[in-house]
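In order, the protein sequences belong to chains R and D.
Just so you know, we're using my numbering here: the first sequence kicks off at 189 and counts up by one.
Just so you know, we're using my numbering here: the second sequence kicks off at 71 and counts up by one.
What follows is a short report on a single structure.
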Amino acid sequence: MSGNNHIYDKIQKGALENDGKHLIPRKKQNALFLNLMRHWQLYLIMLLPITYIVVFHYIPMYGVQLAFRRFNPMLGITGSPWAGFHFFDQFFRSPSSREVIWNTVEISIYSIIAGFPIPIILAIAINEVKNSFFKKSVQMITYAPFFISTVVMVGMLLQLLAARTGLIGRVISMVVGQEVHLMNDPALFQDIFVWSGIWQGAGIGAVIYLAALASVNPELQEAAILDGASKIQRIWNVDIQCIRPTIMMLLILSIAGIMNVGFERVFLMQNPLNLSESEVISTFVYKVGLVSANFSFATAVGLFNSVVNCILLVSLNYILKRAGEVSLW
Amino acid sequence: MVTNVTNLMSFVKSKLIRNQSIKKIGRTSIASSAGDKLFDIVIHFALVIVVLIVLLPLLYVLSASFSTPTALREGRVWIFPVEPTLMAYEAIFRDPSILRGFYNSAFYMIVGTVINLTMTVLAAYPLSRKQFFIRNYVMGIFTFTMLFSGGLIPLYLLVMDLGLLNTRWAMWLPTALSVWNVIITRTFYMITIPDELYESTMIDGCSDFRFLLSIVLPLSGPIMAVMALFYGIAHWNTFFNALIFLSSDDLFPLQLVLRNILILHQFDAAVIVDFDALMRRMGLMELLRYAVIVVATVPMLCIFPFVQRYFIKGVMIGALKG
Chain R
189 MSGNNHIYDK
199 IQKGALENDG
209 KHLIPRKKQN
219 ALFLNLMRHW
229 QLYLIMLLPI
239 TYIVVFHYIP
249 MYGVQLAFRR
259 FNPMLGITGS
269 PWAGFHFFDQ
279 FFRSPSSREV
289 IWNTVEISIY
299 SIIAGFPIPI
309 ILAIAINEVK
319 NSFFKKSVQM
329 ITYAPFFIST
339 VVMVGMLLQL
349 LAARTGLIGR
359 VISMVVGQEV
369 HLMNDPALFQ
379 DIFVWSGIWQ
389 GAGIGAVIYL
399 AALASVNPEL
409 QEAAILDGAS
419 KIQRIWNVDI
429 QCIRPTIMML
439 LILSIAGIMN
449 VGFERVFLMQ
459 NPLNLSESEV
469 ISTFVYKVGL
479 VSANFSFATA
489 VGLFNSVVNC
499 ILLVSLNYIL
509 KRAGEVSLW
Chain D
71 MVTNVTNLMS
81 FVKSKLIRNQ
91 SIKKIGRTSI
101 ASSAGDKLFD
111 IVIHFALVIV
121 VLIVLLPLLY
131 VLSASFSTPT
141 ALREGRVWIF
151 PVEPTLMAYE
161 AIFRDPSILR
171 GFYNSAFYMI
181 VGTVINLTMT
191 VLAAYPLSRK
201 QFFIRNYVMG
211 IFTFTMLFSG
221 GLIPLYLLVM
231 DLGLLNTRWA
241 MWLPTALSVW
251 NVIITRTFYM
261 ITIPDELYES
271 TMIDGCSDFR
281 FLLSIVLPLS
291 GPIMAVMALF
301 YGIAHWNTFF
311 NALIFLSSDD
321 LFPLQLVLRN
331 ILILHQFDAA
341 VIVDFDALMR
351 RMGLMELLRY
361 AVIVVATVPM
371 LCIFPFVQRY
381 FIKGVMIGAL
391 KG
């Protein structure tokens, strides 16, 4: 502690010499320097996390230049010869590009349209329940599936959809009258993907809306009751309007992630028979890049994905900010 | 200080209670209309259906895993086990790869979470202090990584260059910190640790290190529980990093082992040799997969009722910042 005082004294002296009267100099440069001297420990604490961020996030960003180079393992990322937009050209000209981009967009939009309102409806329904035991039980049960890992979730799905031994597969086979292999049908892939996602995520998605609903001002509810509003009217005119900022914020986030279809689940649910509907950008990057070792091409496709995502998020946020709704930053 | 923490925690609770009591008054003072009653019934009915949709598949998996392969193959299992047996579980616990997977996953999870928590506190504490002049710049550097990333291939090449491929470090270092969790923790610190406290300790000659150790850490209990849960679950469930960074069997976490069994349908044949070939044909493999799902899910579902309230707390602090 005496060391600290010592530094403090030194700073004081320095400040007095520079400025005459003031302990804290007005010049910004000096302020930063003094702050560094006085709180050097804060800077030291920050050193480790900042090193991590630079190494594992910014160095890969720098490595994105690989998309414009013809990668040669001998020469490394920065030594490989430039290739310009060759790999982007190659991607957009290949017949698979349209399919992959289209699948990605299709699955995302389907997920948002089907999956976004359901947690809101669930939260409102749970919020209307007065019996606290029933309320808690419903909440607990609906978000239990969230704790099942992706791998097990997909494994379970494959088992349940199996034509002869799975619960759902058997019921559907009985209805149709013959054995149906649901996972092998490309036309059904997106339905299965989206609805299994809802099965797993709706409960946990409702948590945030429930928190928002809990903070709705009870006086508004009371006023609506006195005005003779029915329950449905109260939900529509009070509850929904009050949680609107939360809804908008989560909507931006999910629309911004439109090009980021949950890689793990798609990848695990893929099989050679449903590939025409299930290949998305991220799985394509993985296969081209790491399985076929076509590093530059895969980086280019990945970069295209990141850039589209980034533009979507920034522009959506801008539009909503202008419209007077919410903003992420 | 302590009251400050509990204030935050009880804030939402009190809102909930207030909300409920108002509704009760409303119900007793003004008779609810027939329409409202019908609406209530519809909502309760719908929620019961939702609960059944969630529970039935889980129950079926559990029952199937305890039934005999014959009953399963003939389609006699619906909701309850038929001819209960532990056959599948005996086979599973004879498979070394599953046990090794459990061990590896636990190891990755424990060490990984300790690294995560340390890094998160180290990042969140300076970022929550006004006295840290460059904190807005550092926040910018952090949040930009959530907007844009280099992608899979540059990260893979980096891990390769660092010599981490096929080592346990590959499971810890690339995911040492989650920016989103740093933001949540920082918000928590800004709410619970007022500047006045910081200033008064500084006047008493407390250093930044000392403040972190003797004031911030003891007050971090609730947020650390939330973070440990977030990070711990992420470590336990991760399979993709293991898939791309690890290549030797004895490093595989449970999820990767499960993927081989459940999705690629690979199961160590040696385990089945003990049973006769007839049994195998009758769907023991199928049965084994059900049992594997149960074994992998039960630990998580057992701890979940105890930890879920921390989870909700974390989601809510995250929403505060928005």
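Using N, Cα and C, we set each Cβ at its ideal position, and we do this for glycine too.
If contacts are defined as beta-carbon pairs under 8 Å, then residue i and residue j qualify, I think. What distance do you get, rounded to the angstrom?
| i | j | result |
| --- | --- | --- |
| R/I336 | D/T237 | Actually they are not in contact, since the Cβ atoms of R/I336 and D/T237 sit about 29 Å apart, beyond 8 Å. |
| D/V365 | D/I331 | Contact doesn't hold; Cβ gap of about 11 Å is too wide. |
| D/L326 | D/F315 | Not a contact, Cβ separation roughly 11 Å. |
| D/L117 | R/V317 | 7 Å |
| R/A400 | R/I431 | 4 Å |
| R/M371 | R/N462 | 7 Å |
| R/M234 | D/A304 | Between D/A304 and R/M234 the Cβ distance is about 23 Å, and since that is not below 8 Å, they are no contact. |
| R/P333 | D/P224 | Not quite, the Cβ-Cβ distance comes to about 34 Å (not below 8 Å), so this is no contact. |
| D/F203 | R/L220 | 6 Å |
Under 6 Å Cβ to Cβ from residue i, same chain only, skipping five residues before and after it: list those, please.
| i | result |
| --- | --- |
| R/F451 | S470 |
| R/F485 | F275, V476 |
| D/F136 | P151, P154 |
| R/V376 | Checking the sequence shown, residue 376 of chain R turns out to be Leu, not Val. So the qualifying residues of the chain are L370. |
| D/G186 | Here residue 186 of chain D is Asn; the residue named in the question, Gly, does not match the sequence. Excluding sequence neighbours, D/N186 sits near Y301. |
Among the residues of its own chain, which have a CB less than 8 Å from the CB of residue i, if the five just before and after it don't count?
| i | result |
| --- | --- |
| R/I295 | Q378, F381, V382, V449, V454, V468 |
| R/F276 | A255, A488, F492 |
| R/L504 | I440, I443, A444 |
| D/V296 | I254, Y380, F381, K383, G384, I387 |
| D/L156 | F136 |
| D/N307 | Q325 |
Roughly how many angstroms separate the alpha carbons of residue i and residue j, rounded to a whole number?
| i | j | result |
| --- | --- | --- |
| R/D207 | R/A488 | Note that R/D207 has pLDDT 47, beneath the 50 cutoff, so the model's placement of it is unreliable and the number below is only indicative. Those two C-alpha atoms are separated by around 55 Å. |
| D/I263 | D/A298 | 20 Å |
| R/R358 | R/A390 | 25 Å |
| D/L287 | D/V191 | 8 Å |
| D/F279 | R/Y331 | 40 Å |
| R/V395 | D/V208 | 31 Å |
| R/V364 | D/A158 | 31 Å |
| D/L313 | D/S175 | 13 Å |
| D/F281 | R/L236 | 18 Å |
| D/A240 | D/Y226 | 10 Å |
| R/L355 | R/R510 | 50 Å |
| D/V377 | R/L263 | 50 Å |
| R/P269 | R/Q278 | 17 Å |
| D/V229 | D/P244 | 8 Å |
| R/Y474 | D/L222 | 8 Å |
| R/L501 | R/A271 | 29 Å |
| R/Q388 | R/I300 | 15 Å |
| D/T183 | D/G302 | 6 Å |
| D/G210 | D/L197 | 11 Å |
| D/Y268 | D/L232 | 40 Å |
| D/F177 | D/L108 | 53 Å |
| R/R286 | R/F472 | 12 Å |
| R/A203 | D/S219 | Reliability of the predicted coordinates at R/A203 is poor, the pLDDT of 44 falling under 50, and the value obtained from them is presented with this limitation in mind. If you take the alpha carbons of R/A203 and D/S219, they lie about 43 Å apart. |
| D/L129 | R/F273 | 54 Å |
| D/R97 | D/F322 | Low confidence applies to D/R97: its pLDDT is 48, below 50, so where it sits in the model is not reliable, and the reading given next is rough at best. Those two C-alpha atoms are separated by around 58 Å. |
| R/S466 | R/V342 | 14 Å |
Here's a check: name, in chain order, each residue in its chain whose Cβ is nearer than 7 Å to the Cβ of residue i, leaving out the five neighbours to either side.
| i | result |
| --- | --- |
| D/V131 | Y360, I363, V364 |
| R/F304 | L439, S442 |
| D/I373 | none |
| R/Q409 | R422, V426 |
| R/C498 | none |
| D/F195 | The residue asked about is misnamed: residue 195 of chain D is Tyr in this sequence, not Phe. Counting only Cβ-Cβ distances below 7 Å, and skipping sequence neighbours, we find Y259, L282, V286. |
| D/V181 | W242 |
(request) Please list the residues of the segment 359-379 of chain R that have a C-beta atom closer than 7 Å to any C-beta atom in chain D, keeping them in chain order. (result) With the criterion set as a beta carbon lying under 7 Å from some beta carbon of chain D, the segment 359-379 of chain R has no members that meet it.
(request) Check each residue of the segment 199-215 of chain D: if its Cβ is closer than 8 Å to any Cβ of chain R, include it; give the result in chain order. (result) Across the segment 199-215 of chain D, CB contacts with chain R closer than 8 Å involve R199, Q201, F202, F203, I204, V208, I211, F212, T213, T215, in sequence order along the chain.
(message) Using a Cβ-Cβ cutoff of 7 Å, what residues of the segment 157-179 of chain D are near chain R? List them in chain order.
(response) Under the 7 Å Cβ criterion, the segment 157-179 of chain D contributes no residue.
(message) Report the start-end ranges of each alpha helix (DSSP H) in the segment 224-285 of chain R that is 4 residues or longer and not cut off at the edges.
(response) Annotation note: the segment 224-285 of chain R contains the following uninterrupted alpha helix (DSSP H) runs of length 4 or greater, listed N- to C-terminal: 228-241, 247-250, 264-267, 274-281.
(message) Which complete beta strand (DSSP E) runs does the segment 218-249 of chain D hold, if anything under 3 residues is left out?
(response) Whole beta strand (DSSP E) segments, 3+ residues: zero.
(message) Give the list of continuous alpha helix (DSSP H) stretches no shorter than 4 residues that lie fully inside the segment 133-199 of chain D.
(response) Scanning the segment 133-199 of chain D from its first residue to its last, the whole alpha helix (DSSP H) runs of 4-plus residues come out as 139-143, 157-162, 166-197.
(request) Residues of the segment 465-477 of chain R with a CB closer than 7 Å to any CB of chain D: list them in chain order, please. (result) Within the segment 465-477 of chain R, the qualifying residues are V473, Y474, G477.
(request) May I ask you to list, following chain order, the residues of the segment 485-505 of chain R that have a beta carbon less than 7 Å from some beta carbon of chain D? (result) Of all residues in the segment 485-505 of chain R, A486, T487, G490, L491, S494, C498, L501 have a Cβ within less than 7 Å of some Cβ in chain D.
(message) What are the residues in the segment 321-344 of chain R lying within 8 Å of chain D by C-beta distance?
(response) Correct list: F322, S325, V326, M328, I329, T330, Y331, A332, P333, F335, I336, S337, T338, V339, V340, V342, G343, M344.
(message) Along the segment 244-269 of chain D, where does the CB come closer than 7 Å to a CB of chain R? Name the residues.
(response) Of all residues in the segment 244-269 of chain D, the ones placed with a Cβ closer than 7 Å to any Cβ belonging to chain R are P244, A246, L247, in chain order.
(request) Pull out every residue of the segment 296-311 of chain D whose Cβ sits closer than 8 Å to any Cβ of chain R, in chain order. (result) Those would be I303, W306, N307, F309, F310, in chain order.
(message) For the segment 107-118 of chain D, list every residue whose C-beta sits within 8 Å of some C-beta in chain R, in sequence order.
(response) When CB distances to chain R are screened at a threshold of 8 Å, the residues of the segment 107-118 of chain D falling below it are F109, D110, I113, H114, A116, L117, in chain order.
(message) Just to confirm the assignment: which complete alpha helix (DSSP H) runs, minimum length 4, are found wholly within the segment 348-384 of chain R?
(response) Listed in chain order, they are 355-364.
(message) Give me the subset of the segment 141-157 of chain D whose CB atoms are less than 7 Å from a CB atom of chain R, sorted by chain position.
(response) Residues L142, R143, G145.
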